[in-house]
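In the numbering used here, the protein residues as written are 6 to 160. Beta carbons are placed, not taken as given, at the ideal position from N, Cα and C, and that holds for glycine. In this text the structure is predicted, and so the values were computed from the model without any measurement.
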């Protein structure tokens with residue numbers, strides 16, 4: 006997706022917050038997009054030494070959380086640092102080959118801030134645990150809808 010498409014498709018939902026160890030988000034991934042990274046505290050857009058923009062993936066997840074009556078439960082999870090690493094490991098565990106964005110949309114995710122580790126930068130490094138469950142293949146979904154055998158061969 007291009008930058009203009011990313012901006013146009015912006016979800017407008019609340020970003021996931023990670024206030025304390027144990028914070029967990031779980032639900033169906035409804036969108037994946039990217040946004041240029043901003044330097045924390047300054048908002049300055051980050052670039053690589055060659056001038057290319059540094060991009061961060063964003064997952065929109067439909068959760069059951071509702072802070073108020075107006076809250077849809079959708080949360081944007083920005084994948085940076087430890088959450089990016091945990092999500093990558095979960096993808097490799099869940100899929101036998103590189104999934105497309107379409108494979109990810111409709112899959113479920115559970116991501117948890119599991120540990121705070123001291124760092125040399127003054128603020129603790131956040132460690133995450135993540136599990137991705139692929140959405141059923143269309144053949145499996147069709148069998149399920151028809152009341153048939155839903156087992157999927159993953160050999």
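How about residue i and residue j: do their beta carbons lie closer than 8 Å?
i           : j           : result
residue 89  : residue 63  : no
residue 87  : residue 130 : yes
residue 138 : residue 99  : yes
residue 134 : residue 119 : yes
residue 73  : residue 18  : no
residue 121 : residue 26  : yes
Between which residues of its own chain and residue i is the CB-CB distance below 8 Å, once the five residues before and five after are set aside?
i          : result
residue 53 : 59
residue 42 : 50, 51, 58, 59, 60, 61 and 85
residue 29 : 115, 116, 117 and 118
residue 37 : 62, 63, 64, 65, 106, 109 and 110
Going along the chain, which residues of its own chain have a beta-carbon closer than 6 Å to the beta-carbon of residue i, five neighbours each way excluded?
i           : result
residue 115 : 31 and 136
residue 71  : 78
residue 33  : 67 and 113
residue 20  : 81
residue 24  : none
residue 159 : Note on residue 159: pLDDT 39, under 50, position unreliable in the model; no value is reported.
residue 35  : 65 and 67
With a 10 Å radius around its C-beta and 16 neighbouring C-beta atoms as the bar for buried, classify residue i as buried or exposed.
i           : result
residue 49  : exposed
residue 66  : buried
residue 143 : At residue 143 the pLDDT is 47, less than 50, meaning the model places this residue with poor confidence and gives no usable figure here.
residue 112 : buried
residue 22  : exposed
residue 146 : Confidence is the limiting factor: at residue 146 the pLDDT is only 46, short of 50, which leaves the residue's position unreliable, though a coordinate-based value still follows. Label assigned to residue 146: exposed.
Looking at chain C, is there any beta carbon in it that lies within less than 8 Å of the beta carbon of residue i?
i           : result
residue 116 : Chain labels in this structure do not include chain C; a single protein chain is all it has.
Keeping to the same chain, check which residues put their C-beta closer than 7 Å to that of residue i; ignore five residues upstream and five downstream.
i           : result
residue 132 : 87, 119, 120 and 122
(Q) Quick check: the segment 100-108 against the segment 69-85, are at least 3 beta-carbon pairs closer than 8 Å? (A) no
Q: Taking only runs that begin and end inside the segment 98-147, name each unbroken beta strand (DSSP E) of 3 or more residues, in chain order.
A: Here the runs fully enclosed are 113-122 and 130-138.
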